[in-house]
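Here the sequence shown is numbered in the numbering used here, starting from 47 and rising by one per residue.
The beta-carbon is built from N, C-alpha and C at its ideal position, and this holds for glycine as well.
Everything numeric in this text was worked out from a predicted model, so none of it was measured.
To start, the structure itself, in structure tokens.
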Amino acid sequence: MHHFQYKNNIMHCEDIAVPEIAAKTGTPFYLYSAATLKRHFHAFDSGFKGINHLTCFAVKACSNISILQQFGRMGGGADIVSGGELFRAMKAGIDPGKIIYSGVGKTEAEMREALFAGILLFNVESPQELDRLQKVAAELGVTAPVAFRINPDVDPKTHAYISTGLAKNKFGIPVDSALQEYARAQQMDNIEVLGVSCHIGSQLTQIDPFIEALRKVKNFVGRLQGEGIEIKYLDLGGGVGITYDQEDPPHPHAYAEAITKEMQGMDCTLILEPGRVIVGNAGILVTEVQYTKVNAGGEKEKRFVIIDAAMNDLTRPSLYDAFHEILPIKETGREKQIVDVVGPICETGDFMARDRLLPEVKQGELLAIMSCGAYGFTMSSNYNSRPRVAEVLVNGDQVHIIRKREDYDDMITSELLVEVP
Ligand SMILES: *Cc1c(COP(=O)(O)O)cnc(C)c1O
């Protein structure tokens, strides 16, 4: 359920007609619905109200500080994967005591920043990372709170690029060698062992792989207890999928119910790191048709709709061959035709949809690329020297610019014009 609906044939975001915003900010732009963001966060978080839990929003899915702030005010924490994301979470006022730091490649500088901030937990992913964290914590004279990310070797049945819990993936520590790392960590002066974590992948549409992973983690926690190591936090990661096309992912409440049941008898706080399921369907990318054209004729006839958004603004179609629904902002009732919706970038991979059946659209008309709230703006770049687009948040009848459109000066602000002889 989201708040992008047609009223009198015009797509609205909550109470605002989308063309009104486009007229003011220009296109393309990302548009988020605050009511949808709040609703999704609440739907997810409230599902776990029966057990001790903490919902840490995965910042990489959508990292605008206005949006992070909203989740923070609803009691949420943050799951970060870089020093930059820590900086954002802190700017957004998220309680550092609710920040989890995941990722396989934490630098010394990033560790220092997170220790200085006083985060809740480092999810450590390798023996070398543990050694480095001990060293950095000792230098600062503090103790680092640690969970190990174990790799449960569970198939999440999702796209290969976003599977993370298989033995062949780069993430986590295999269960069998993890025990040894816990024992080692227990002996370290500046490490406090507090948890176990796992994250098996993204855009999962079934509950079973989560349950399978959770059972393996529970079993592992039992083994740790056998060694006298008590676990305070069990972090199950993120990964619940959304509907882009025909997918039928579990409702957050069904997911929560299944996990809650499985957590019975566990004496620890459950940590969740949802990203996509909260923000995915709460954002769209609004774009204007620049040209339409027909290449070749007869059998090979191909129709193109060339828009002002491109693979630098929304990477998912090019990167994962991902499907995003495309809707006209104004419903016209025109006949449908098969088209490729493409951007202006000089790459054949620059498409938003291929062979898509869409009502005929004309130059100057607006389109909505749906379900762009997650891994949309955050994956954007300046490729082809295209300034990054604006982000707009609607709340009821209020429109807020939460990120200005970059101009050309913003784009070269860090560049130095050096003359070499
Ligand atoms: C990406 C990521 C998440 C969020 O995944 P979603 O599929 O967006 O819910 C959570 N935890 C970790 C460690 C991640 O890398």
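What are the boundary residues of the alpha helix (DSSP H) that residue i is part of?
i: VAL267; result: 254 to 272
i: LYS137; result: 129 to 137
i: ARG362; result: 362 to 366
i: PRO65; result: 64 to 71
i: ILE447; result: ILE447 -> not in any alpha helix (DSSP H); beta strand (DSSP E) instead, spanning 444 to 449.
i: TYR290; result: Where TYR290 is concerned, there is no enclosing alpha helix (DSSP H), given that its DSSP letter is neither H nor E.
i: ILE324; result: 322 to 325
i: ASP486; result: Any property of residue 486 remains undetermined from this structure, which presents the chain solely from 47 to 467.
i: LYS298; result: Strictly speaking, residue 298 in this sequence is Pro, with Lys absent from that position. Its alpha helix (DSSP H) spans residues 298 to 308.
Would you kindly report the start and end of the unbroken beta strand (DSSP E) that includes residue i?
i: ILE353; result: 348 to 353
i: PRO374; result: 372 to 374
i: GLU238; result: 237 to 243
i: LYS339; result: 329 to 341
i: HIS58; result: 56 to 59
i: ASP386; result: 382 to 388
i: GLU437; result: 436 to 441
i: LYS53; result: 50 to 53
i: THR315; result: 315 to 318
i: ASP281; result: 279 to 281
Using CA coordinates, which residue listed in the options is at the minimum distance from residue i?
i: ASN265; options: PRO296, ASP222, ASN236 and CYS418; result: ASP222
i: LEU167; options: PHE94, GLY241, LEU176 and ILE208; result: GLY241
i: PRO374; options: SER427, ASP359 and LEU413; result: LEU413
i: LYS106; options: GLY118, ARG134, ARG119 and HIS88; result: ARG134
i: GLY211; options: MET57, ILE330, VAL388 and GLY284; result: GLY284
i: ALA355; options: PHE369, GLY419, MET425 and VAL435; result: VAL435
i: GLU371; options: ASN169, MET416 and GLU171; result: MET416
i: HIS58; options: GLY130, GLU319, GLU461 and VAL440; result: VAL440
i: ALA206; options: GLN249, PRO173 and GLY187; result: GLN249
i: GLU334; options: VAL325, ASN341, ARG322 and VAL351; result: VAL351
i: HIS446; options: ALA399, PHE94 and ILE111; result: ILE111
i: PRO74; options: ASN430, ILE330, ASP313 and ASP235; result: ILE330
i: VAL387; options: PRO296, ARG349 and SER426; result: ARG349
i: GLN409; options: LEU462, VAL466, LEU316 and LYS339; result: LYS339
i: HIS48; options: ASN55, ASP61 and PRO320; result: ASP61
i: ASP456; options: SER364, CYS102 and ARG432; result: ARG432
i: SER364; options: ALA399, GLN336 and VAL332; result: ALA399
i: GLU319; options: ILE97, VAL64 and ILE145; result: ILE145
i: LYS346; options: ALA304, ILE384 and LYS70; result: ILE384
i: GLU159; options: ALA190, PRO198 and LEU176; result: ALA190
i: VAL325; options: PHE90, GLY343 and GLU66; result: PHE90
i: ASP367; options: LYS376, GLU171, GLY395 and GLY422; result: GLY395
i: GLU171; options: LYS278, LYS95 and PHE217; result: PHE217
Heavy atom of ligand 1 less than 8 Å from the Cβ of residue i, yes or no?
i: GLN249; result: yes
i: GLY211; result: no
i: LYS216; result: no
i: ASN169; result: yes
i: PRO255; result: no
i: PRO320; result: yes
i: ASP91; result: no
i: VAL323; result: yes
i: ASP125; result: yes
i: SER148; result: yes
i: HIS370; result: no
i: GLY283; result: yes
i: ILE56; result: no
i: ILE208; result: yes
i: HIS88; result: no
i: VAL263; result: no
i: LYS106; result: yes
i: HIS245; result: yes
i: ALA231; result: no
i: VAL468; result: This structure leaves residue 468 out entirely; the chain is present only between 47 and 467.
i: ALA328; result: no
i: ALA420; result: yes
- Is it true that the segment 394 to 408 meets the segment 71 to 83, where meeting means three or more beta-carbon pairs spaced less than 8 Å apart? Counting Cβ pairs under 8 Å, fewer than three are found: no touch.
- List in chain order: all unbroken beta strand (DSSP E) runs of 3+ residues lying wholly within the segment 79 to 146. Counting whole runs of 3 or more residues, the segment 79 to 146 contains the beta strand (DSSP E) stretches 99 to 104 and 123 to 126.
- Please go through the segment 134 to 220 and give each complete alpha helix (DSSP H) segment of 4 or more residues, from N-terminal end onward. Fully contained in the segment 134 to 220 are the following alpha helix (DSSP H) runs of length 4 or more, in chain order: 154 to 163 and 173 to 186.
- Message: Below 8 Å, how does it come out for the segment 279 to 296 and the segment 230 to 246: are there three or more Cβ pairs, yes or no?
- Response: Yes, the segment 279 to 296 is in contact with the segment 230 to 246.
- Sequence ranges, beta strand (DSSP E) only - wholly within the segment 394 to 429, length at least 3: Correct list: 397 to 405 and 412 to 415.
- Specify whether the segment 124 to 138 and the segment 149 to 163 touch according to this definition: at least 3 beta carbon pairs, one from each stretch, less than 8 Å apart. These segments touch.
- Just checking, does the segment 257 to 264 make contact with the segment 296 to 311 on the three C-beta pairs under 8 Å criterion? Taking 8 Å as the limit for Cβ pairs, the verdict is that the segment 296 to 311 does touch the segment 257 to 264.
- Is it a yes or a no for the segment 387 to 398 touching the segment 355 to 366, going by three-plus beta-carbon pairs under 8 Å? Inter-segment contact for the segment 387 to 398 and the segment 355 to 366 is present: three or more beta-carbon pairs are separated by less than 8 Å.
- Task: State whether the segment 375 to 384 contacts the segment 447 to 460, with contact taken as three or more CB pairs (one from each stretch) at a distance under 8 Å.
- Result: Contact between the segment 375 to 384 and the segment 447 to 460 is absent, because fewer than three Cβ pairs lie under 8 Å.
- Counting pairs of beta carbons, one from the segment 224 to 241 and one from the segment 288 to 306, are three or more of them closer than 8 Å? No, they do not touch.
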